[in-house]
Amino acid sequence: MLHENTQALAHADYFDPAPPPPFDSERWKAIRNRLIDELAKGGKTLDDFAPDEYELGRLKIWLKSPDSFPRFSRRIGDKTMAEEIADAMEARFAEIDRAGIDYRLRCPVKVETTLTHALIEGAETARNLCEWVDFCAAPGLGKTEAKIEYIARMRKAEGFFCPVWSIDLDQSCTNLKDVLALIARQIMGEDANYDPKSAFAMSQAIIEATKGRRGLLFVDEGQNLADMLKKMGLPIVDMLRSFVDKGCFGIVYLGNGEIYRRLCAGTGKNKNAYAQLLSRMVDFRVEFGGYRPGQPNNGKSLTKADILAVANAWGVVGVEEESYCLQVAKESGALRNITNVIRYSMERYGSLDIKCLKMGRAL
C-alpha cells in the first residue's frame, strides 16, 4: 500500500494538473501589429502568411485571440497550436527583415505626412458622425497610403477585424451589383449568406451586418464614377449615400474632386439638380493641395518637410539629392514622382546619388 501511494505521488508531481498559462499577450500583440504593418505595405495578403486554406482559417482565429486554441499541446514537450503559429509568423518576419526594402512595392516605407493627418481627421469625422466626407486631392499626394495607415491604426487599436473597410472603384464597376458585391465581400467575407445576383439582397445583408457597429467605408478611386452621363454613375453614388442616411457607416470618398464638380454643375440649366447629394457633402468636404513652396500652408497641402521625410525614408541623402526631390515634387504627381524615380534608380543603377536620380527623370 505504501509503495502504491509513493508511485501515485510521483505520478502527480510529474503531471501537473494546473493548466498552462495563457499565451503571452505582449508577444501576440507585437506579432499581430507587425503583420498589420506588413499588410499595409501592399503586395501581400493574409493568404501569403498562411500555407493553405486550413492554416489561413487558424491564422484568422489566432488574430482574434490566441486563447481560442487549447493551452495543452497534443504531446508532452510539443508546442501548442498558438505557439506554433507565433513561431511561424516570427520566422517569416525575420525573412522579410533580411531581404531589406523591397523596391517592387510602391509604399514599403511608412511616412506620416500632412495629408495623413488631414485624412485621419476626415475619417474620424465620417465615422463618429456617420457622414459622407468627400476627400479631394490630386493624384500622387498619398491618399491611398494615408487610408492604409488609418486602417492599420484601427486594427491595432480595436482588433484585426474592426469595422473599417475599403473598396477600390475602377472602370469595371459599371452597375449597382458590382459595387454592392465589393462592399459585401469586404464587410462579410466570401462565405456570407446572401444572394450575389440580387442587388436588394446584398443591400439588405450589408445593412444588417453594419447597423450599430460605428463602421467606416473608404471608397477609393472615386473619380471613376465622375462621368454623370454614364447610365449608372449617379445611382451608384446615391446608393452609397443611402447607407450613410440609414446610419450603417460613414464614408470617406477619395478622389480628385471630379464628382463634386460635376454635381455642382447640375444638368443643363438646372444647377440645383443634385442639391440633395451636395447638401450631404458640402459641410464635411476636405480639399487638399500639392506642394507649393512659398505659399501659406494651413494643414491642407503638402509641405517641404513632407517631401524630405518621404525621400529620406527611402534612403535619399545629400543636399543636391534633396533639392532634386523638392523640384520633382512640384510637378503633377508629387510624391508618386519621387518614389517612382527612387525605385527606378535603385532597380537600374543600385544607387540614389544625384546622377542616378537625374538619369531616372531629367528636370
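Note that the working numbering numbers the sequence shown so that position 56 is 56, with each residue one more than the last. Note that beta-carbon positions come from the ideal geometry of N, C-alpha and C, so glycine has one too.
Contact defined as beta carbons within less than 8 Å: I believe N224 pairs with C173. What is the distance between those atoms, to the nearest angstrom? Right, their Cβ atoms sit about 7 Å apart.
Return the CA-CA distance between E113 and R71, expressed in angstroms with no decimal places. The sequence as given places Thr at residue 113; Glu does not occur at that position. Here the C-alpha atom of T113 lies approximately 43 Å from the C-alpha atom of R71.
May I ask you to report which of helix, strand or coil DSSP gives I251? strand
Grab the span of the beta strand (DSSP E) containing I167 for me, first residue to last. V164 to D168
Extent of the continuous beta strand (DSSP E) run through A137: Segment W132 to A137, the beta strand (DSSP E) holding A137.
Confirm, please, whether the CB-CB distance from K41 to D102 is below 9 Å. yes
With 16 as the cutoff for other CB atoms within 10 Å, does E4 come out buried or exposed? Low per-residue confidence applies at E4: pLDDT is 49, beneath 50, and the placement is therefore not dependable, though the value from the model is reported in the following sentence. So E4 counts as exposed.
Whose C-beta lies closer than 6 Å to the C-beta of A209 among residues of the same chain, with five residues either side of it excluded? I187 and M188
E287 in three-state terms, based on DSSP: strand
Tell me the DSSP secondary structure of F218 in three-state form. strand
Given this structure, state the Cα-to-Cα distance separating T303 from A137, to the nearest angstrom. 14 Å
DSSP three-state label for S301, please. strand
In or out: N272 buried (at least 16 other Cβ within 10 Å) or exposed? exposed
Using only the heavy atoms of the ligand FMN, determine whether one of them is closer than 8 Å to the beta carbon of E121. The ligand FMN is not among the ligands present in this structure, which contains no ligands whatsoever.
Within 10 Å of its beta-carbon, does S345 have 16 or more other beta-carbons around it, so buried, or fewer, so exposed? buried
With a threshold of 8 Å, are at least 3 pairs of Cβ atoms found where one atom belongs to the stretch 19-36 and the other to the stretch 147-160? Using a C-beta cut-off of 8 Å, the stretch 19-36 makes contact with the stretch 147-160, since at least three inter-stretch Cβ pairs fall below that distance.
Does the Cβ of M1 have 16 or more other Cβ atoms within 10 Å, making it buried, or fewer, making it exposed? Because the pLDDT of M1 is 46, which lies under 50, any placement of that residue in the model is unreliable, and the question is left without a value.
Which of the three DSSP states, helix, strand or coil, is assigned to T339? helix
T267 (DSSP reduced to helix, strand or coil): strand
Along the alpha helix (DSSP H) that carries Q204, what are the first and last residues, could you check? Q204 -> alpha helix (DSSP H) spans A199 to T210.
How far does the alpha helix (DSSP H) with I120 in it extend, from its first residue to its last? T114 to L129
Measuring CB to CB, does R285 end up less than 9 Å from V164? no
Count the C-beta pairs between the stretch 243-259 and the stretch 123-130 that are closer than 8 Å, then say yes if the count reaches three, no if not. yes
So, at 7 Å on beta carbons, what are the nonlocal neighbours of A50 in its own chain, with the 5 sequence-adjacent residues on each side left out? Counting only Cβ-Cβ distances below 7 Å, and skipping sequence neighbours, we find L56 and L59.
Which class does F49 belong to by DSSP, given the choice of helix, strand or coil? helix
Report yes or no: do the stretch 201-208 and the stretch 139-151 share at least 3 C-beta pairs separated by less than 8 Å? Result no; under three Cβ-Cβ pairs closer than 8 Å.
Among residues of its own chain, excluding the 5 on either side of G215, which ones have a beta-carbon nearer than 6 Å to its beta-carbon? P163 and F249
In this structure, does DSSP put S25 in helix, strand or coil? In the structure shown, S25 sits in a helix (DSSP, three-state: H, G or I).
Would you tell me roughly how many angstroms separate the C-alpha atoms of W28 and A86, rounded to the nearest one? 7 Å
Candidates M81, L63 and I76, of which the one nearest F69 by Cα: M81
Suppose you measure from the CA of I342 to the CA of L182; what does that come to, to the nearest Å? 33 Å
Are the beta-carbon atoms belonging to E321 and L357 less than 9 Å from one another? yes
Using the C-alpha atoms, what's the distance from W314 back to C107? Answer to the nearest angstrom: the Cα atoms are 10 Å apart.
Put T144 into one of helix, strand or coil per three-state DSSP. Of the three classes helix, strand and coil, the one that applies to T144 here is helix, per DSSP.
Report the residue from L63, G43 and D37 whose alpha carbon sits nearest the alpha carbon of F23. L63
What is the DSSP secondary structure of R104, counted as helix, strand or coil? coil
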